[in-house]
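Protein chains in written order, with this note's numbering: chain B, 1273 to 1417; chain A, 1273 to 1417. Glycine included, every Cβ here is placed at the ideal spot set by N, Cα and C. Below: one structure, written as structure tokens.
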DNA sequence: ATATGTGCAAATGGTTTGCAGTGAG
DNA sequence: CTCACTGCAAACCATTTGCACATAT
């Protein structure tokens, strides 16, 4: 998990740079986000943290994520039906594949979106800064079930 | 607006087929969705409708949209920050370009996503059924402002 | 020492629901 | 005539906020 450690350091550094303190609760949130590859919801993070710090409040988790979003150290994936999921491991735009049955979210390798973004910018006159690409379907497991 | 008329007919037909009634309020929602190219929110639709039917309730708008979603006669675009927007004119997956300042949403022409979807299916083992592709940036107007 | 962070509880805001009355088919 | 639809208000639920206390720096 060397890359998760690096992500964690990066997050801590970012918070310190803008004058934020590193509390144990906050560190626990950062750890979960830096390590997880399954794009957890706030609730999932909260449940996880309560094992370590039973008194931690949901509000603290939300507040921490808000700061990380501002720092662009976490990527928010909002869904109309199922709320928001977070990716602290790869906090930059990249494609996702979402199972419409069990809700699993995975990162496929690949994709040169930059080329397509440039094309869109040209055609629309927009100054494109970021993007989002999601594919929906049934994961291998749910195809059998 | 010939294609909007066609969309409207298609929607009405769809509703009738599953035994739903066509009330004036409902028809007003359908019209707005079939005609608009600006991806309105529920609130925008509601405001629009009140001009014609001042007593119409928000709940009715929501309920109608829920049915249209089931029929796949309207495409829902959920955003984490700004809620959901709806496209009844082209209710199938297609790319969108969203202005991060004024919230405008436009449909660029183009895109062969099918190829990319097939690639994703192969790599992930998922059975891909649909997708979503959004580009974010500043629209020409907001680049000046 | 001194603000920032925490935890709790209350507030918010978009969306959904329950239900009695209304109206499309 | 009937049963689905409407409108209203209440319920929901994820997220946000206010505030007194705790604590990282």
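| Check | Outcome |
| --- | --- |
| The region 1382-1389 of chain A touching the region 1369-1378 of chain B, judged by at least three CB pairs closer than 8 Å | no |
| Test: residue 1361 (chain A) CB closer than 8 Å to a CB of chain B | no |
| Three-state secondary structure assigned by DSSP to residue 1324 (chain B) | helix |
| 8 Å CB neighbourhood of residue 1328 (chain B) in its chain, flanking five on each side removed | 1297, 1300, 1318, 1321 and 1322 |
| Burial state of residue 1398 (chain A) (16 or more Cβ within 10 Å) | buried |
| Positions along the region 1392-1407 of chain B whose CB lies within less than 8 Å of some CB in chain A | 1392, 1393, 1395, 1396, 1397, 1398, 1399, 1400, 1401, 1402, 1403, 1404, 1405, 1406 and 1407 |
| For residue 1288 (chain A), the nearest candidate out of A:1394, A:1392, A:1401 and A:1339 (CA to CA) | A:1339 |
| Cβ-Cβ separation, residue 1306 (chain B) to residue 1343 (chain B) (assumed contact under 8 Å), whole Å | Wrong, their Cβ atoms sit about 13 Å apart, outside the cutoff. |
| Buried or exposed (CB count within 10 angstroms, at least 16 for buried), residue 1367 (chain B) | buried |
| Residue 1369 (chain A): contacting residues in chain B (beta-carbon distance under 8 Å) | 1392, 1396, 1398 and 1400 |
| Three-way DSSP call (helix, strand, coil) for residue 1348 (chain A) in this model | strand |
| Boundaries (first-last residue) of the beta strand (DSSP E) holding residue 1401 (chain A) | 1399-1410 |
| Proximity test, Cβ basis, 8 Å: residue 1286 (chain A) and chain B | no |
| Closer than 9 Å at the beta carbon, the chain B residues around residue 1378 (chain A) | 1396 and 1398 |
| Bridge partners - residue 1371 (chain A), DSSP secondary structure assignment | A:1409 |
| Terminal residues of the beta strand (DSSP E) in which residue 1355 (chain B) lies | 1355-1359 |
| Pairwise C-alpha distance: residue 1407 (chain A) and residue 1402 (chain B) | 6 Å |
| Residue(s) in a DSSP beta bridge with residue 1284 (chain A) | The partner list for residue 1284 (chain A) (beta bridge, DSSP) is empty, contrary to what the question assumes. |
| Within 8 Å of chain B by C-beta, residues of the region 1301-1323 of chain A in sequence order | none |
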